[in-house]
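Protein chains in written order, with this note's numbering: chain S, 1117 to 1233; chain V, 499 to 611. A short write-up of the structure that comes next.
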Amino acid sequence: NAGVMQNPRHLVRRRGQEARLRCSPMKGHSHVYWYRQLPEEGLKFMVYLQKENIIDESGMPKERFSAEFPKEGPSILRIQQVVRGDSAAYFCASSPRRQQPPNEKLFFGSGTQLSVL
Amino acid sequence: DQQVKQNSPSLSVQEGRISILNCDYTNSMFDYFLWYKKYPAEGPTFLISISSIKDKNEDGRFTVFLNKSAKHLSLHIVPSQPGDSAVYFCAASDTGTASKLTFGTGTRLQVTL
């Protein structure tokens, strides 16, 4: 039973390019969460999605960032026109249902380390 | 605005001794707290949680204590083992926005032989 799969593990982009980060949730999980960890900081919530729906995007920067979780395929976090400040580890988590309260059924992937040159 | 704070970036403990990791929060709406453990190049893994209606929760070698009046929680690991060496994150949520966790900055625990 594979866990939450994120790819790529490492992504290098030059300023102004686009970054696409992929997350395949655990089998049977239909809820996906994206978190970002800047250097020397804790993980910060970005967005919560169900299949084909954005439920909570209160942590997403207003510009350049978007997320989707289509009916088929992985969830995608897209960052347009990347800047150096976007360099961070991006973690995806999944759960079988809405976490209320959150508990041990929320599983994190190993993350994508984005480096912007 | 750091709503969850872990003021000790690192902690070193001898094998067999007790490790105590601390966490403070400022948002009185938080009513559910979790501890995650993270190894390098891996995602966080759930360790233990506690609801605000309790003041203690125990799971094997791990115990979490919650002091609501002080807005403080702590994780005790007894006895500490070398495999416990990792970064530990405290996280909190309120049931109104339960899908969103607020994390602290983490404490790196090193268990020495």
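For each residue, glycine too, the CB sits at the ideal point set by N, CA and C.
According to the Cβ coordinates, are residue i and residue j closer than 8 Å?
i                  : j                  : result
Thr605 of chain V  : Pro538 of chain V  : no
Phe1266 of chain S : Phe1207 of chain S : The structure shown does not extend to residue 1266 of chain S, since chain S is modelled only from 1117 through 1233, so no value can be given for it.
Ser1146 of chain S : Pro1190 of chain S : no
Leu564 of chain V  : Lys552 of chain V  : yes
Ser597 of chain V  : Asp1172 of chain S : yes
Tyr530 of chain V  : Thr600 of chain V  : no
Asn525 of chain V  : Gln501 of chain V  : yes
Leu573 of chain V  : Val562 of chain V  : yes
Glu1168 of chain S : Lys1187 of chain S : yes
Arg1213 of chain S : Arg1136 of chain S : no
Strictly below 9 Å CB to CB, what residues from chain S border residue i?
i                 : result
Lys554 of chain V : Here the premise fails: no neighbours, minimum Cβ distance about 17 Å.
Taking buried to mean at least 16 other C-beta atoms within 10 Å of its own C-beta, is residue i buried or exposed?
i                  : result
Gln516 of chain V  : With the sequence shown as reference, residue 516 of chain V is identified as Ile, and Gln is not the correct amino acid for it. The residue is exposed, with fewer than 16 neighbouring Cβ atoms inside 10 Å.
Gly541 of chain V  : buried
Ile548 of chain V  : buried
Asp1202 of chain S : buried
Val1199 of chain S : exposed
Arg1129 of chain S : buried
Gln1122 of chain S : buried
Gln579 of chain V  : exposed
Gln1166 of chain S : exposed
Ser510 of chain V  : exposed
Taking C-beta pairs closer than 7 Å, name the residues in chain V that residue i reaches, listed in chain order.
i                  : result
Gln1222 of chain S : Here the sequence assigns Leu to residue 1222 of chain S, which means Gln is not the residue at that position. Those are Phe544, listed as they occur along chain V.
DSSP three-state call for residue i: helix, strand or coil?
i                  : result
Thr543 of chain V  : strand
Asp1172 of chain S : strand
Asp557 of chain V  : strand
Asp1202 of chain S : helix
Thr603 of chain V  : coil
Thr593 of chain V  : helix
Asp529 of chain V  : coil
On a Cα-Cα basis, can you pick out the residue from the options that is closest to residue i?
i                  : options                                       : result
Ser1174 of chain S : S:Arg1213, S:Ala1205, S:Lys1160 and S:Gly1132 : S:Lys1160
Leu1154 of chain S : S:Asn1169, S:Pro1212, S:Ser1210 and S:Ala1204 : S:Ala1204
Leu532 of chain V  : V:Thr524, V:Asp522, V:Ser526 and V:Phe544     : V:Phe544
Tyr1151 of chain S : S:Met1142, S:Ala1118 and S:Ser1226            : S:Ser1226
Gln1196 of chain S : S:Val1232, S:Tyr1164 and S:Gln1166            : S:Val1232
Thr610 of chain V  : V:Cys588, V:Ala589 and V:Pro577               : V:Pro577
Ala589 of chain V  : V:Ile546, V:Gln512, V:Glu513 and V:Phe560     : V:Ile546
Lys1178 of chain S : S:Gly1119, S:Val1163, S:Met1142 and S:Ile1192 : S:Val1163
Gly1158 of chain S : V:Gly602, V:Ser567 and V:Lys536               : V:Gly602
Gln608 of chain V  : V:Asn505, V:Ile518 and V:Ala568               : V:Ile518
Ser550 of chain V  : V:Ser567, V:Ser583 and V:Glu513               : V:Ser567
Val1148 of chain S : S:Glu1156, S:His1126, S:Met1176 and S:Ala1209 : S:Ala1209
Ile575 of chain V  : V:Phe587, V:Ser583, V:Arg559 and V:Lys569     : V:Arg559
If the cut is a Cβ gap below 8 Å, which residues of chain V does residue i touch?
i                  : result
Tyr1164 of chain S : Ser597 and Lys598
Gly1225 of chain S : Gly541
Phe1181 of chain S : Neighbours of Phe1181 of chain S on chain V: none; closest Cβ ~16 Å, over 8 Å.
Along chain V, which residues have their Cβ under 9 Å away from the Cβ of residue i?
i                  : result
Tyr1149 of chain S : Ser597, Lys598 and Leu599
Gly1158 of chain S : Gln500, Val502, Gln504, Phe587, Cys588, Ala589, Thr600, Phe601, Gly602, Thr603 and Gly604
Ile1171 of chain S : Ser597
Phe1185 of chain S : In chain order: nothing, as chain V lies at least about 13 Å away.
Phe1207 of chain S : Gly541 and Pro542
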